[in-house]
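Participant: Just dropping this structure here.
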Amino acid sequence: FSERHDTLFDICRMQDDENSFSNALSYFIEKYPDIWIDFFQTKFSDIKLSKIDSVTREEDAKAESDKPTGGRIDLLIRTPECYIVIENKIDSGIIIENGISQIQRYFNYVMWLKEDEISRLSKELFSLREQNEKRKEQYNHLQNKEGVRGTAWKKEIEESTIQIDKLDKELTQVKAREFRGIVLCPNYNHPEIKELEIGGYTYEQLLYSEIYNWLKNNASEELVSDPNFKAFHDAMKKHTCETKSEALYKDMEIRFYSRIHKINQTK
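To convert, take the position in the sequence shown, counting from 1, and add 1; that gives this note's numbering.
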């Protein structure tokens with residue numbers, strides 16, 4: 002304990018603050034994407050993840066939809082294969098308003114997000130194809146295809162065709178993109194997670210101990226080289242306790258040893 006240094010989690014007493022943990026989680030997912038891709042791959046063994054496109058904190062989940070949406074998603078992770086929603090619940094349960102749970106609203110929002118992206122790409126693809134066909138027709142009726150105009154139009158058609166293929170692949174990928182929901186919680190807190198009726202999707206519970214132990218076994222080099230990452234990892238240990246009383250005991254133990262350490266330093 003004498004070799005342990007206070008971190009911002011200790012100084013600001015953020016060990017029980019959901020926002021602080023969500024902020025740190027977002028930061029380290031962006032900093033070490035490969036580590037977390039491997040982690041999520043073990044969590045979702047039925048889907049092959051390639052990379053992390055983005056991580057959004059406090060995503061506004063309000064959408065123009067006929068299904069209930071609203072609230073703010075703690076973390077929304079976008080990958081080419083799926084949307085990963087993480088709701089962090091350190092010392093609280095799932096919020097239900099007007100009979101609709103927040104995780105149901107987040108699911109509705111992500112499904113709307115997917116449909117909106119499909120609609121945008123479809124319109125863009127239709128417009129591009131229409132322009133390309135028109136240019137092809139003009140090119141085919143051109144007398145001097147080797148002239149300045151013919152050369153320019155041929156290049157335009159080739160570039161447009163490449164863009165169409167790219168958009169087509171992106172649209173196919175978005176259509177196949179799946180939803181994955183996670184409720185992250187300490188081992189001593191088990192919010193009730195009910196199966197969603199829409200699409201047969203379910204949220205999965207993720208315990209802090211699962212992340213803590215996985216990082217300990219699979220990210221040892223980063224934990225040694227990055228003191229902030231280690232501080233984040235250490236701060237999770239309290240939330241691996243099976244009971245709240247055990248977690249509170251660890252808090253008291255740290256304060257007790259800290260006081261002894263300070264007394265020894267003054268001697």
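Cβ atoms here follow ideal geometry from the backbone N, Cα and C, with glycine treated the same way.
1. In the segment 127-207, which residue ranges form an unbroken alpha helix (DSSP H) of at least 4 residues, counting only runs that do not cross its ends?
2. Under DSSP, the beta strand (DSSP E) around Ile74 begins and ends at which residues?
3. Mind listing, in chain order, the continuous alpha helix (DSSP H) runs of no fewer than 4 residues lying wholly within the segment 20-107?
4. Mark Arg73 as exposed unless 16 or more other C-beta atoms lie within 10 angstroms of its C-beta, in which case mark it buried.
5. Might you give, ordered along the chain, the residues of its own chain that have their beta carbon closer than 8 Å to the beta carbon of Gly151, omitting 5 neighbours on each side?
6. Strictly under 7 Å for the Cβ-Cβ distance: is Lys263 near chain B by that measure?
7. Quick one: residues in its chain with C-beta nearer than 8 Å to the C-beta of Gln132, no 5 flanking neighbours on either side, listed in chain order?
8. Classify Glu116 as helix, strand or coil using the three-state DSSP reduction.
9. Among residues of its own chain, excluding the 5 on either side of Lys176, which ones have a beta-carbon nearer than 7 Å to its beta-carbon?
10. Restricting to Cα atoms, I'd like to know which of Pro34, Ser51, Tyr110, Asp47 is closest to Ala64.
11. Mapping DSSP to helix, strand and coil, what is Thr241?
12. Which whole-angstrom value is the C-beta distance of Glu223 and Phe230, which I expect to be below 8 Å?
13. Once DSSP output is grouped into helix, strand and coil, what is the label at Ala220?
14. Please classify Ile264 as buried or exposed, where buried requires at least 16 neighbouring CB atoms within 10 angstroms.
15. Look at the alpha carbon of Val184 and the alpha carbon of Asp54, and state the distance between them as a whole number of angstroms.
16. Quick one: what does DSSP say Asp252 is sitting in, helix, strand or coil?
17. Near Asp279, which residues of its chain fall below 7 Å by C-beta distance, leaving aside the five closest residues on each side in sequence?
18. Evaluate Gly182 with the Cβ neighbour count: other Cβ atoms within 10 Å of its Cβ, from every protein chain shown; 16 or more gives buried, anything less gives exposed.
19. Taking its Cβ as the centre, do 16 or more other Cβ atoms sit within 10 Å of Val56, making it buried, or is it exposed?
20. Please classify Ser3 as buried or exposed, where buried requires at least 16 neighbouring CB atoms within 10 angstroms.
21. Which of the three DSSP states, helix, strand or coil, is assigned to Asp18?
22. Compute the Euclidean distance between the alpha carbons of Pro34 and Leu50, then round it to the nearest angstrom.
23. Apply the 10 Å Cβ neighbour rule to Ile48 and answer buried if 16 or more other Cβ atoms are within range, or exposed otherwise.
24. Of all the options His191, Arg121, Asp169, Thr203, which has the alpha carbon lying nearest to the alpha carbon of Glu209?
25. Under the rule that 16 or more other beta-carbon atoms within 10 Å means buried, what is Pro187, buried or exposed?
26. State the CB to CB distance for the pair Phe108 and Tyr202, rounded to an integer number of angstroms; the pair is presumed to be in contact (CB under 8 Å).
27. Taking buried to mean at least 16 other C-beta atoms within 10 Å of its own C-beta, is Ala153 buried or exposed?
Facilitator: In short:
1. 149-177
2. For the purposes of this step, residue 74 is identified with residue 73 of the sequence shown, where counting begins at 1. 73-79 is the span of the beta strand (DSSP E), which, as asked, contains Ile74.
3. 34-44
4. Position 72 of the sequence shown, counted from the start, is the residue given in the question as residue 73. It is exposed - the Cβ of Arg73 has fewer than 16 other Cβ atoms within 10 Å.
5. Position 150 of the sequence shown, counted from the first residue, corresponds to residue 151. For Gly151, where only same-chain residues beyond five positions count, the Cβ hits under 8 Å are Tyr140, Leu143, Asn145.
6. Looking for chain B here will not work: only one protein chain is present.
7. Looking up residue 132 in the sequence shown gives position 131. So the qualifying residues of the chain are Ser161.
8. By 1-based counting over the sequence shown, the position of residue 116 is 115. Glu116: helix per DSSP, three-state reduction.
9. Locating residue 176 in the sequence shown gives position 175, counting from the first residue. So the qualifying residues of the chain are Ile119.
10. Locating residue 64 in the sequence shown gives position 63, counting from the first residue. If we check each option's Cα against that of Ala64, Tyr110 comes out closest.
11. What you label residue 241 is simply residue 240 of the sequence shown in a count that begins at 1. Of the three classes helix, strand and coil, the one that applies to Thr241 here is helix, per DSSP.
12. Sequence index remark: in the sequence shown, residue 223 carries index 222 (1-based). Sequence index remark: in the sequence shown, residue 230 carries index 229 (1-based). 6 Å between Cβ atoms; contact.
13. Locating residue 220 in the sequence shown gives position 219, counting from the first residue. Coil at Ala220, not helix or strand.
14. Counted from its first residue, the sequence shown places residue 264 at position 263. Exposed: under 16 other Cβ atoms inside 10 Å.
15. Translated into the one-based positions of the sequence shown, residue 184 becomes position 183. Translated into the one-based positions of the sequence shown, residue 54 becomes position 53. In a straight line, the C-alpha of Val184 is about 21 Å away from that of Asp54.
16. On the sequence shown, position 251 is the one that residue 252 refers to. Here Asp252 sits in helix by DSSP.
17. Because the chain spans 2 through 268 in this model, residue 279 falls outside it and cannot be assessed.
18. Walking along the sequence shown from the start, residue 182 turns up at place 181. Buried is the call here.
19. As a position in the sequence shown, residue 56 is number 55, starting the count at 1. Val56 is buried by the Cβ-count criterion.
20. The residue given as residue 3 occupies position 2 in the sequence shown. Low local confidence applies: a pLDDT of 49 at Ser3 is under 50, so the model's placement there is unreliable, with the coordinate-based value given in what follows. It counts as exposed.
21. Counting from one through the sequence shown, the residue named residue 18 turns up at place 17. In the structure shown, Asp18 sits in coil (DSSP, three-state: anything other than H, G, I, E or B).
22. In the sequence shown, residue 34 corresponds to position 33, counting from 1. In the sequence shown, residue 50 corresponds to position 49, counting from 1. The straight-line gap from Cα to Cα measures roughly 11 Å.
23. Residue numbering aside, residue 48 sits at position 47 when the sequence shown is read from its first letter. So Ile48 counts as exposed.
24. In the sequence shown, counting from the first residue as 1, residue 209 sits at position 208. Note that residue 209 is Tyr in the sequence shown here, rather than Glu. Residue His191 is the option with its Cα nearest to Tyr209.
25. Here the question's residue 187 lines up with position 186 in the sequence shown. Buried, since its Cβ has 16 or more Cβ neighbours within 10 Å.
26. Position 107 of the sequence shown holds residue 108. Position 201 of the sequence shown holds residue 202. With 8 Å as the limit, Phe108 and Tyr202 qualify as a contact, their Cβ atoms being about 6 Å apart.
27. Taking the sequence shown and counting its residues from 1, the one referred to as residue 153 is at position 152. When all chains shown are included, Ala153 counts as exposed.
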